[in-house]
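S.K.: Sending over a structure as structure tokens; questions will come in a sec.
Okay, structure coming up:
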């Protein structure tokens, strides 16, 4: 049976994974630019190779306390729905192959779960395989685009003065 390579990362005490093929790169956290009126999971934006990239946190989605990004965090850059995004991880723990037989479709286990693609057994741990395309629902995506556009307009106006 085939194996898939995953980037394993931690948020609070939860272990998450992204297939390595969807991860563009991992960087140390930097100071984020806040985006007024951005939807809740969006913590701010960063400049990544000339693109304005939203940075999303998972703490609130797993029942944890939202917090500011700290310099020891990692940003995992990926693309979904035609948009580059970054996820904040407390730490990157590994890059490993997981047997595809060890993964289970998340919707079969928890019907209606929105954030996860699958769950994988990894030793005694369960790893939550993140679905990047579901981090923002369509309304949140529209709110994010509007908030970034408003931020850019404000910057352009200030530059013209």
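Numbering (our numbering), first residue to last: 2 to 162.
By construction, the Cβ of each residue, glycine as well, lies at the ideal position given by its N, Cα and C atoms.
Predicted model, so just to flag it, every value in this text is computed and none were measured.
1) Should the stretch 6-22 be called in touch with the stretch 85-98, which here means at least 3 C-beta pairs below 8 Å?
2) Identify, in the order they occur along the chain, each residue of the same chain with its Cβ nearer than 7 Å to the Cβ of residue 148, setting aside the five sequence neighbours on each side.
3) Per the DSSP calculation, residue 20 is bridged to which residue(s)?
4) Between the alpha carbons of residue 26 and residue 109, how many angstroms are there, rounded?
5) The alpha helix (DSSP H) that contains residue 110, what's its start and end?
6) Does the distance from the C-beta atom of residue 1 to that of residue 131 stay below 8 Å?
7) Do residue 135 and residue 119 have their C-beta atoms within less than 8 Å of each other?
8) Could you have a look at residue 61 and say whether DSSP puts it in helix, strand or coil?
9) Thinking C-alpha only, which one of 20, 29, 15 is nearest residue 65?
10) Residue 30 and residue 89: beta carbons closer than 8 Å?
11) DSSP three-state call for residue 87: helix, strand or coil?
12) From residue 158 to residue 121, what distance separates their C-alpha atoms?
13) Is it right to say residue 146 is buried, meaning 16 or more other beta carbons lie within 10 angstroms of its own, or is it exposed?
14) Could you have a look at residue 32 and say whether DSSP puts it in helix, strand or coil?
M.R.: So, from the listed chains and residues:
1) yes
2) 36, 37, 38, 39
3) 7
4) 30 Å
5) 107-110
6) What is shown of the chain runs 2 to 162, which leaves residue 1 out entirely.
7) In this structure, residue 119 does not lie closer than 8 Å to residue 135 by Cβ.
8) It is helical.
9) 15
10) Yes; because the gap between Cβ atoms is below 8 Å, this pair is in contact.
11) strand
12) 49 Å
13) exposed
14) In the structure shown, residue 32 sits in coil (DSSP, three-state: anything other than H, G, I, E or B).
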